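Each remark here refers to the structure printed beneath this line.
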Amino acid sequence: MSNDKRKPWYKRPPVLSVIVAASAIVVAIIIWLCPNSSPPPDFSISVSPMQGSVRQGGTTQTTVSVNGIYGYNYPVTLSSEQLPGLAIAFIPQSGEAAPGYTSTIKINAGLNLPASNYTIKVTGTGADGKEHVCKYTVTVLELPSPPPVEPYMVYSDIGIAAGDVWVWSGADWGLEPPILADGSYLKGNAPEGDECYAVTSGAGNDNYIGWGIFLGIFREHKLVTPHTMDLSGYNSLQLRVKTPVNLKVEIQENNAEGVKSSPCMISNYGWDSNLPGTWQRVTIPKSSFRNVNLTAIFCPFMVTGNGNRVTFYIDEVMWVP
Ligand SMILES: [Ca+2]
Numbered sequence: 087m088s089n090d091k092r093k094p095w096y097k098r099p100p101v102l103s104v105i106v107a108a109s110a111i112v113v114a115i116i117i118w119l120c121p122n123s124s125p126p127p128d129f130s131i132s133v134s135p136m137q138g139s140v141r142q143g144g145t146t147q148t149t150v151s152v153n154g155i156y157g158y159n160y161p162v163t164l165s166s167e168q169l170p171g172l173a174i175a176f177i178p179q180s181g182e183a184a185p186g187y188t189s190t191i192k193i194n195a196g197l198n199l200p201a202s203n204y205t206i207k208v209t210g211t212g213a214d215g216k217e218h219v220c221k222y223t224v225t226v227l228e229l230p231s232p233p234p235v236e237p238y239m240v241y242s243d244i245g246i247a248a249g250d251v252w253v254w255s256g257a258d259w260g261l262e263p264p265i266l267a268d269g270s271y272l273k274g275n276a277p278e279g280d281e282c283y284a285v286t287s288g289a290g291n292d293n294y295i296g297w298g299i300f301l302g303i304f305r306e307h308k309l310v311t312p313h314t315m316d317l318s319g320y321n322s323l324q325l326r327v328k329t330p331v332n333l334k335v336e337i338q339e340n341n342a343e344g345v346k347s348s349p350c351m352i353s354n355y356g357w358d359s360n361l362p363g364t365w366q367r368v369t370i371p372k373s374s375f376r377n378v379n380l381t382a383i384f385c386p387f388m389v390t391g392n393g394n395r396v397t398f399y400i401d402e403v404m405w406v407p
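Residue numbers (our numbering): 87 to 407.
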């Protein structure tokens, strides 16, 4: 006779296993149905939008939301670490987590704050000491340079822009040199002051003459150090012309090897070919000077005319705001 026969029925191994397994399942179901009858009260904090941008000296804002969960009902106070050059204010600074509140964050960027991305850490602190953090990234953008208010005089009786005048002609290709190239010409009936710039090309139908003003330090007309001018804030180039032929106006970026702008023919900008002996005003919008970086202009004006012993006059060349 085996020992099993002497144990009560519920102590026999097969029956015992079934009882243990069934109990485990019942306990698991109870735990699954009631995971935690009393989770700890807490709160959540979030920012929306999470990023934005502002110009130096400007103000932007975002919104923080605070919400109590599991019955959390303490006041929550908002704060942020101090970043030099960024003034941060919360409106309101605190509120009740139940049912929750939103706060506006106003961010003022200092005028001297370097353009960059800055991360603002916003901390919510409950009256019971609980803390949660969210982050806002603000991109600080450089202020555009202030628009110019005065014209930039390139050529007038007062003088020429700081640099040098270069002249080119068909003589560079063996044709007759210019008959005249005078930047202080007195007999042209100048519309501004007494002087104008007068040129006469040499002989030959293929001949031409042009001149331009180039910025920088020169020694005997040789460029030593190029300078550049930011013309992006100006509106247009204005000049006076008296000419029997159409003229090509260009500008050039960077330095003597810099790219030249697309050529602008004065017939497209106010010059009337039927009035070759009359001073006329030409206005070329800056947008017509394509292919060059207007913030770094080495030559703010150059002009070229083609023809056999052609004379033309230029006066009062300026970039106007
Ligand atoms: Ca003049």
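Even for Gly, the Cβ is constructed at its ideal location relative to N, Cα and C.
Nothing here was measured: the structure is a model prediction, and the numbers come from that model.
{"query": "CA-to-CA distance, residue 180 to residue 72, given in whole angstroms", "result": "No statement about residue 72 is possible, as the shown extent of the chain runs from 87 to 407 and does not include it."}
{"query": "Residue interval of the beta strand (DSSP E) (run including residue 218)", "result": "217 to 227"}
{"query": "Beta strand (DSSP E) segments (min. 3 residues) lying fully within the region 197 to 274", "result": "202 to 212, 217 to 227, 238 to 242, 249 to 255, 266 to 271"}
{"query": "Contact set for residue 128: own chain, Cβ-Cβ below 7 Å, skip 5 residues either direction", "result": "155, 156, 158, 216"}
{"query": "Reduced DSSP secondary structure (H/G/I, E/B, other) of residue 173", "result": "strand"}
{"query": "Cβ neighbour criterion (16 or more within 10 Å) applied to residue 200", "result": "exposed"}
{"query": "Nearest-angstrom beta carbon gap, residue 140 and residue 224 [assumed within contact, 8 Å]", "result": "6 Å"}
{"query": "Assigned secondary structure, residue 88 (DSSP; H/G/I helix, E/B strand, else coil)", "result": "Note that residue 88 scores a pLDDT of 46, beneath 50, so its modelled location is shaky and nothing firm can be said."}
{"query": "Near ligand 1: residue 195 beta-carbon under 7 Å from a heavy atom", "result": "no"}
{"query": "Exercise answer, beta-carbon shell around ligand 1 heavy atoms below 6 Å", "result": "242, 243, 276, 278, 279, 281, 282, 401, 402"}
{"query": "Residue 347, DSSP secondary structure in three states", "result": "coil"}
{"query": "Residue 304 and residue 339 closer than 8 Å at C-beta", "result": "no"}
{"query": "Stretch pair the region 347 to 361 + the region 287 to 306: three plus CB contacts closer than 8 Å", "result": "no"}
{"query": "Helix, strand or coil at residue 305 according to DSSP, with G and I counted as helix", "result": "strand"}
{"query": "Same chain only: Cβ atoms within 6 Å of residue 277, ignoring 5 sequence neighbours per side", "result": "326, 365, 401"}
{"query": "Inter-stretch contact at 8 Å, needing at least 3 Cβ pairs: the region 287 to 302 / the region 249 to 269", "result": "yes"}
{"query": "Proximity winner among 267, 275, 316, relative to residue 294 (alpha-carbon distances)", "result": "267"}
{"query": "Where residue 354 sits in the DSSP three-state scheme", "result": "helix"}
{"query": "C-alpha distance - residue 314 paired with residue 386, whole-angstrom precision", "result": "9 Å"}
{"query": "Terminal residues of the beta strand (DSSP E) in which residue 189 lies", "result": "187 to 195"}
{"query": "Same chain, Cβ closer than 8 Å to residue 291, neighbours up to 5 away in sequence not counted", "result": "393, 394"}
{"query": "Residue 390 vs residue 269 beta-carbon contact at 8 Å", "result": "no"}
{"query": "Sequence-distant residues of the same chain with beta carbon closer than 7 Å to residue 226, five excluded per side", "result": "140, 142, 195, 199, 201, 202, 204"}
{"query": "Reference residue 244, options 320, 273, 282, closest by Cα", "result": "282"}
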